[in-house]
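Trainee: Protein chains in written order, with the working numbering: chain A, 1 to 339; chain B, 340 to 678.
There are 2 protein chains.
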Amino acid sequence: MRVAVGAKTILLAHGGGGKLMHDLLAEEVFPAFANPLLDERHDGAVLEVGGARVAFTTDSYVVRPYVFPGGDIGVLAVNGTVNDLAMCGARPLGISAAFILEEGFPLEAFRSVLASMRQAAAAAGVAVVTGDTKVVDHGKGDGIFVNTAGIGVVEHRFKIGPSSVRPEDAILLSGDLGRHGVTVLAAREGIEFETALASDTAPLHRAVLALLDAGIEIHCLRDLTRGGLAAALIEIAEVSGLALEIEEARIPVGDEVRGACEILGLDPIHVANEGRFVVFVPPPDADRALAVLAAHGSPGARPIGRAGGKHPGRLSLRTALGTLRLVDLPSGEQLPRIC
Amino acid sequence: MRVAVGAKTILLAHGGGGKLMHDLLAEEVFPAFANPLLDERHDGAVLEVGGARVAFTTDSYVVRPYVFPGGDIGVLAVNGTVNDLAMCGARPLGISAAFILEEGFPLEAFRSVLASMRQAAAAAGVAVVTGDTKVVDHGKGDGIFVNTAGIGVVEHRFKIGPSSVRPEDAILLSGDLGRHGVTVLAAREGIEFETALASDTAPLHRAVLALLDAGIEIHCLRDLTRGGLAAALIEIAEVSGLALEIEEARIPVGDEVRGACEILGLDPIHVANEGRFVVFVPPPDADRALAVLAAHGSPGARPIGRAGGKHPGRLSLRTALGTLRLVDLPSGEQLPRIC
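As structure tokens, then:
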């Protein structure tokens, strides 16, 4: 582990989705730009523009390796930004594509990433409308980094975000955990599985828009990327000030992912996903929401817990043995460069 | 020079603003995402969102060194995106800030960039509303890369862009050329000047909005970043299909920049600026536009040429000797990592 207390330089763990990243953002980045939109700590910002509500989001992608079973950095970038817009309850309208290429990166590989992005954008029904391409010297990058930003239109009346979570809200999870993180890590380390484990990367906006169309009262949405389910729920607990409780036995994890996590020493609730999200709804809406999710690409959606409990601002996990334990962000390096 | 004909890998010159970059975009990137907005090849896209016209743009910044006289990568990123919105005639509303940090980058240096960005955003009157932070392994980045995207609202009735340029339009230049490029190159190479040459980085939206407020009929705007005045006008000539002619004697270049360009073997019309732009207006509006520019931070604004001439789709320069020469993009590496 490279983590050192009081470190004065950037560490890999500052980007890993764990405690150091949380602290870097909380102590340095958010204070630097403090404003109400950023302080929401949501996946994107929603701004009023000439009477319309516009969602706006960005993410950079540095995943290593840049191609892995089930996708590549381009697919990830398109779906990731589509999903961040979806998590605002927005209909995606346009995304940007900005590349930082390393001198010596094969042109054929760049073409392949562009083709992946075009396919992913077409599949999600969103256009790449603006972009940028930069090149850095050999040894000053790592093949290809991609940034995508996106804008979408918010056509519902809700304020979706951590601060809208209410006591007793049901927490619904859209599917099984850990496929993306385990797949990328295995590809990086050269580990092979007996069956074809692949990233779960997928666009999520159609499921979210279907929930809204069905009149589900959505309080909060969050996709489970860097830091996984745990990081997402810990942040929502922190910002909302509410206790959140989830039940281990209700959290679906495939056998291959579970086996790989045991070998690699990972807990699936901390592992990154690229096609899974949680939605917070009032208890009366939960069953209907699950039915909508099942009908829109998430047959494995299920309730995993609720807002409320003994520890305000914290996430608790009820284990298979019935005991309750507080969940914290991992303090060290978890999965660097997973997205 | 590392440029090779038929090269199958990415070269530094693919990011330098010259012919190779032009070809990479024209042959690989634009076709991959072909759509009417992207095909405009403007600094940003303008989308209809719920009745509003929203401008959307992105740029990554990889400037080396990341601090230079007159600014740093953070100031450049904020002003650059504000300016790309301004070039759509948009009022900037919000920008994103996405960082790719290299393991080992000093935390103090990151703080300093964040502070610069905050100051630049405050000076431009725009908020940083969303963001992202990634970390890559030591040796896989170069300290800090920044991506900013931005959204703004378009409140005028014009379609501003290369395809709106009309024959006989006056080409107005907002100030002297080359300060940013020469400053960064000098900082990189350790060259010192007798006086304090500094980057011209500055937000340009107030000048543009003042032109619109004054009722100037703006046909096209373009800031003169990578590739400088020449690349901007060559692209506008290409997309509009019109000949453009400029007069060398009318193009202001400071003595220090001119001297440095002579030493470095550069032509100021190809050197990057970060606070200069051209505006295309009908001839009857030109004098009034110059007066507005002079009153809004551009006392050196002047007419440098017009749309029209013998070579459709091409840029021509009338030299001090009175001869006319076609201007092409430089074929090799010009100024890598200038922004």
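C-beta atoms are modelled at their ideal positions from N, C-alpha and C, and glycine is treated no differently. Quick caveat, the model's predicted, so the values are computed rather than measured.
From the DSSP output, in three-state form, read off B/D594 for me.
Mentor: The residue you call residue 594 of chain B lines up with position 255 of the second sequence. In this structure, B/D594 counts as helix in the three-state DSSP scheme.
Trainee: Name, please, each residue of chain A whose Cβ falls closer than 8 Å to the Cβ of B/E327.
Mentor: With chain B represented from 340 up to 678, any question about residue 327 of chain B goes unanswered, as that position is not in the structure.
Trainee: Give the secondary structure of A/V78 by DSSP, where H, G and I count as helix, E and B as strand, and everything else as coil.
Mentor: For the purposes of this step, residue 78 of chain A is taken as residue 78 along the first sequence, with counting starting at 1. Helix.
Trainee: Compute the Euclidean distance between the alpha carbons of B/A535 and B/E528, then round it to the nearest angstrom.
Mentor: The count along the second sequence starts at 1 and reaches residue 535 of chain B at position 196. The count along the second sequence starts at 1 and reaches residue 528 of chain B at position 189. Going from the Cα of B/A535 to the Cα of B/E528 covers about 16 Å.
Trainee: State yes or no: is the beta carbon of B/D411 nearer than 8 Å to at least one beta carbon in chain A?
Mentor: Stepping through the second sequence from its first residue, residue 411 of chain B is reached at position 72. No, B/D411 lies away from the interface with chain A (no Cβ there is under 8 Å from its Cβ).
Trainee: Using a C-beta cutoff of 8 Å, does A/H219 count as contacting chain B?
Mentor: Walking along the first sequence from the start, residue 219 of chain A turns up at place 219. False, the Cβ-Cβ gap to chain B never drops below 8 Å.
Trainee: So B/K473 contacts chain A; which residues on that side make the cut at Cβ distance below 7 Å?
Mentor: By 1-based counting over the second sequence, the position of residue 473 of chain B is 134. Ordered by position in chain A, the residues that pass the 7 Å Cβ test against B/K473 are G15, S60, V62.
Trainee: Excluding the 5 residues preceding and the 5 following A/I251 in the sequence, name in chain order all residues of the same chain whose CB lies nearer than 8 Å to its CB.
Mentor: Here the question's residue 251 of chain A lines up with position 251 in the first sequence. Closer than 8 Å at Cβ, skipping near neighbours: L173, L177, L229, P268, I269, I304.
Trainee: Under the three-state reduction of DSSP, which class applies to B/G433: helix, strand or coil?
Mentor: By 1-based counting over the second sequence, the position of residue 433 of chain B is 94. Correct three-state label for B/G433: strand.
Trainee: Compute the Euclidean distance between the alpha carbons of B/L415 and B/V521, then round it to the nearest angstrom.
Mentor: Residue numbering aside, residue 415 of chain B sits at position 76 when the second sequence is read from its first letter. Residue numbering aside, residue 521 of chain B sits at position 182 when the second sequence is read from its first letter. Rounded to the nearest angstrom, the two C-alpha atoms are 15 Å apart.
Trainee: Determine, using beta carbons only, whether B/E442 comes closer than 8 Å to chain A.
Mentor: Translated into positions along the second sequence, residue 442 of chain B becomes position 103. Judged by the 8 Å Cβ criterion, B/E442 is in contact with chain A.
Trainee: Between which two residues does the alpha helix (DSSP H) carrying B/L511 extend?
Mentor: If you number the second sequence from 1, residue 511 of chain B lands on position 172. Taken as a continuous stretch (DSSP letters only), B/L511 belongs to no alpha helix (DSSP H), being part of the beta strand (DSSP E) at 509 to 512.
Trainee: Give me the subset of the stretch 86 to 102 of chain A whose CB atoms are less than 8 Å from a CB atom of chain B, sorted by chain position.
Mentor: Answer in chain order: L93, G94, S96, A97, A98, F99, I100, L101, E102.
Trainee: Take B/P621 and list the residues in its own chain whose beta-carbon comes closer than 8 Å to its own, dropping the five residues that flank it on each side.
Mentor: Position 282 of the second sequence, counted from the first residue, corresponds to residue 621 of chain B. R505, E507, D508, A509, E556, H558.
Trainee: Can you tell me the Cβ-Cβ gap for A/V78 and A/E103, rounded? I've got them flagged as a contact below 8 Å.
Mentor: Residue numbering aside, residue 78 of chain A sits at position 78 when the first sequence is read from its first letter. Residue numbering aside, residue 103 of chain A sits at position 103 when the first sequence is read from its first letter. In fact, because the Cβ distance is near 25 Å, the residues do not count as touching under 8 Å.
Trainee: Could you tell me the distance, in whole angstroms, from the CA atom of B/V610 to the CA atom of B/T564?
Mentor: Translated into the one-based positions of the second sequence, residue 610 of chain B becomes position 271. Translated into the one-based positions of the second sequence, residue 564 of chain B becomes position 225. Those two C-alpha atoms are separated by around 8 Å.
Trainee: Between the C-alpha atoms of B/L524 and A/Y66, what's the straight-line distance to the nearest angstrom?
Mentor: For the purposes of this step, residue 524 of chain B is identified with residue 185 of the second sequence, where counting begins at 1. For the purposes of this step, residue 66 of chain A is identified with residue 66 of the first sequence, where counting begins at 1. Going from the Cα of B/L524 to the Cα of A/Y66 covers about 32 Å.
Trainee: I'd like the list of long-range same chain contacts for B/L280, defined as Cβ closer than 6 Å, with 5 residues on each side in sequence excluded.
Mentor: Within the shown structure, residues of chain B are numbered from 340 to 678, placing residue 280 of chain B beyond reach of any answer.
Trainee: A/V67 touches chain B at which residues, Cβ-Cβ below 7 Å?
Mentor: As a working mapping, residue 67 of chain A is identified with position 67 in the first sequence. Within 7 Å Cβ-Cβ: nothing; A/V67 doesn't reach chain B, min ~16 Å.
Trainee: Which chain A residues sit within Cβ distance under 9 Å of B/D481?
Mentor: Sequence index remark: in the second sequence, residue 481 of chain B carries index 142 (1-based). By Cβ distance, chain A contributes V136, D137, G139, K140, G141.
Trainee: Mind checking A/P312: buried by the 16 CB within 10 Å criterion, or exposed?
Mentor: To locate residue 312 of chain A, count along the first sequence from 1; it is residue 312. Exposed.
Trainee: Less than 8 Å between CB atoms is the rule here; does B/I349 satisfy it with respect to chain A?
Mentor: Sequence index remark: in the second sequence, residue 349 of chain B carries index 10 (1-based). At least one chain A Cβ lies under 8 Å of B/I349.
Trainee: Report buried or exposed for B/S579, applying the criterion of at least 16 other Cβ atoms within 10 angstroms of its Cβ.
Mentor: The residue labelled residue 579 of chain B in the question sits at position 240 within the second sequence. Classification of B/S579: buried, given that the 10 Å Cβ count is 16 or more.
Trainee: How would you write the range of the beta strand (DSSP E) that A/S60 sits in, first residue to last?
Mentor: For the purposes of this step, residue 60 of chain A is identified with residue 60 of the first sequence, where counting begins at 1. It spans 52 to 61 - the beta strand (DSSP E) in which A/S60 sits, taken as one unbroken run.
Trainee: Helix, strand or coil: which one does DSSP assign to A/A34?
Mentor: For this step, residue 34 of chain A is matched to residue 34 along the first sequence. If DSSP states are grouped into helix, strand and coil, A/A34 belongs with coil.
Trainee: Candidates A/G215, A/N273, A/V278: which alpha carbon is nearest A/R222's?
Mentor: Counted from its first residue, the first sequence places residue 222 of chain A at position 222. Of the listed residues, the one whose Cα sits closest to A/R222 is A/V278.
Trainee: For chain A, is any of its Cβ atoms less than 8 Å away from the one on B/N418?
Mentor: Position 79 of the second sequence, counted from the first residue, corresponds to residue 418 of chain B. It does not: the Cβ of B/N418 has no partner Cβ on chain A nearer than 8 Å.
Trainee: Taking the straight line between their C-alpha atoms, what separation do you get for A/Y61 and A/G74?
Mentor: Residue 61 of chain A sits at position 61 when you count from the first residue of the first sequence. Residue 74 of chain A sits at position 74 when you count from the first residue of the first sequence. Approximately 9 Å, taken between the alpha carbons.
Trainee: Checking contacts by CB at 8 Å: is B/L377 closer than that to chain A?
Mentor: As a first step, residue 377 of chain B is located in the second sequence; it is residue number 38 there, counting from the start. Interface residue, yes.
Trainee: Hey, is B/D667's beta-carbon within less than 8 Å of any beta-carbon in chain A?
Mentor: As a position in the second sequence, residue 667 of chain B is number 328, starting the count at 1. For B/D667, the answer is no, since every Cβ of chain A falls outside 8 Å of its Cβ.
Trainee: Taking one C-beta from the stretch 450 to 458 of chain B and one from the stretch 24 to 33 of chain A each time, how about it: are there three or more such pairs within less than 8 Å?
Mentor: A contact exists between the stretch 450 to 458 of chain B and the stretch 24 to 33 of chain A.
Trainee: Under 8 Å between beta-carbons, which chain A residues line up against B/I490? List them in chain order, please.
Mentor: Looking up residue 490 of chain B in the second sequence gives position 151. The answer, in chain order, is L47, V49, V54, F56, I151.
Trainee: What residues from chain A crowd round B/V467, counting only those whose CB sits closer than 7 Å?
Mentor: Here the question's residue 467 of chain B lines up with position 128 in the second sequence. Here the neighbours are F33, L38.
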